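Notes follow once the structure below has been shown.
Residue numbers (my numbering): 23 to 310.
Dropping the structure here:
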């Protein structure tokens, strides 16, 4: 399969997925697509698929999309199987949004408690779109612990329609693709990689998103780098390069070898309590 035949490139509108994640690569999709262009592979592999924004825009025919966050994986599995439909999402968010409008913060925590006791994909979507600043964060016990976003009127008709349309576009892509979603560690995912695969690796930022679903350390970063270097497949690794305060030292430690190419691109970092804490981030795209 040639990457030049992938359907989500610079000429297509960016497909924004229904999930919000810190560090989401929506604004880097075009740049990543340029790096893919012309490369030949039979299967796309992501060991940290997150929101799946890159896959949904690259649109390979075959893909293995993995993440340790089982709630993300379950949501996309259920959209893929048809057990979650755009109509179901519209009805659910309309009803739950009305409850949130009437009861406010108290209802948000009711849903959060309900989700943590018995997780469902629709509750996960509701929390993701009504929590503080769209942060996806879990405590050590695996419980969603993001506070309320202080917007009880969040789920207006237009906002529900926007999310519903995002689910619809995702469902359309999945209906014509041979994609497998699995909840597993990156080490397990990479054991299945062969020379005909192409890897896009977007791990949590070391020292930053350590509570996205479980911990991520400099040791994990080094382990990932070691595995990617040994694999027979081509890859793109996405990680943070620098901001106005500091540099990512792991890049020099792991990727100084001239065999690897590094491109730095500005990526606005949206997670922060106020605008003054939201800073431009230089993203590093490392390829072999």
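From the three backbone atoms N, C-alpha and C, an ideal C-beta is built for every residue, glycine too.
In this text the structure is predicted, and so the values were computed from the model without any measurement.
1) Using DSSP's beta-bridge definition, name the partner residues of residue 153.
2) For the beta strand (DSSP E) containing residue 203, list its first residue and its last residue.
3) To the nearest angstrom, how far is the alpha carbon of residue 224 from that of residue 189?
4) Report buried or exposed for residue 202, applying the criterion of at least 16 other Cβ atoms within 10 angstroms of its Cβ.
5) To the nearest angstrom, how far is it from the Cα of residue 284 to the Cα of residue 50?
6) Can you check whether the CB of residue 166 is closer than 9 Å to the CB of residue 159?
7) Taking 7 Å as the limit between beta carbons, can you name the residues of its chain near residue 185, skipping five residues before and five after?
8) For residue 196 and residue 125, what's the separation of their Cα atoms in angstroms?
9) Taking all protein chains shown into account, do 16 or more other C-beta atoms lie within 10 angstroms of the C-beta of residue 274, making it buried, or fewer, making it exposed?
10) Apart from the five residues just before and just after residue 129, which ones in its own chain have a Cβ nearer than 6 Å to its Cβ?
11) I believe residue 92 touches residue 180 by the beta-carbon criterion, under 8 Å. Please report the beta-carbon distance rounded to the nearest angstrom.
12) Among 218, 279, 227, which residue has its Cα nearest to the Cα of residue 248?
13) How would you label residue 119, buried or exposed, when you count the other beta carbons within 10 angstroms and need 16 or more for buried?
14) Output needed for residue 287: all residues of its chain with C-beta closer than 6 Å, excluding positions within five of it in sequence on either side, in chain order.
15) Using DSSP with H/G/I as helix, E/B as strand and the rest coil, what is residue 163?
16) Residue 238 by DSSP, collapsed to three states: which one?
17) What I want to know is whether the C-beta of residue 73 ends up closer than 8 Å to one or more non-hydrogen atoms of the ligand SAH.
18) The beta strand (DSSP E) spanning residue 85 covers which residue range?
19) Please say whether residue 222 and residue 272 have beta carbons closer to each other than 9 Å?
20) So, for residue 144: in the same chain, excluding its five sequence neighbours on each side, which residues have a beta-carbon less than 6 Å away from its beta-carbon?
21) What residues in its chain sit with their C-beta under 8 Å from that of residue 218, if we drop five residues either side in the sequence?
22) Going by other Cβ atoms of all chains shown within 10 Å of its Cβ, with 16 needed for buried, is residue 72 buried or exposed?
23) Quick check on residue 269: does DSSP put it in helix, strand or coil?
24) What's the gap between the Cα of residue 277 and the Cα of residue 171?
Judging by the given coordinates:
1) Paired residue(s): 170.
2) Where residue 203 is concerned, the enclosing beta strand (DSSP E) starts and stops at 200-205.
3) So the alpha carbons of these two residues sit roughly 22 Å apart.
4) Residue 202 comes out exposed.
5) Their Cα atoms are separated by approximately 15 Å.
6) Closer than 9 Å, so yes.
7) In chain order, 40, 111, 115, 151 place their CB closer than 7 Å to the CB of residue 185, counting only its own chain and leaving out the 5 sequence neighbours on each side.
8) Annotation: residue 196 to residue 125 spans about 36 Å, alpha carbon to alpha carbon.
9) Classification for residue 274: exposed.
10) For residue 129, where only same-chain residues beyond five positions count, the Cβ hits under 6 Å are 121, 122.
11) At roughly 31 Å, the Cβ-Cβ gap does not stay under 8 Å, so residue 92 and residue 180 are not in contact.
12) Ranking the options by Cα distance to residue 248, first place goes to 279.
13) Here residue 119 is buried: its Cβ has 16 or more other Cβ atoms, across all protein chains shown, within 10 Å.
14) Contacts found: 53, 305.
15) Looking at residue 163 - three-state DSSP - the assignment turns out to be coil, as it is neither helix nor strand.
16) If DSSP states are grouped into helix, strand and coil, residue 238 belongs with coil.
17) The ligand SAH is absent from the structure shown, which contains no ligand whatsoever.
18) DSSP places residue 85 in the uninterrupted beta strand (DSSP E) bounded by 84-89.
19) Taking 9 Å as the Cβ cut-off, residue 272 and residue 222 do not qualify as a contacting pair.
20) Non-local beta-carbon contacts of residue 144 in its own chain, meaning distances under 6 Å to residues more than five positions away in sequence, involve 114 in chain order.
21) For residue 218, where only same-chain residues beyond five positions count, the Cβ hits under 8 Å are 63, 64, 65, 255.
22) Buried.
23) Residue state, collapsed to three classes: strand.
24) Their backbone Cα atoms lie some 39 Å apart in a straight line.
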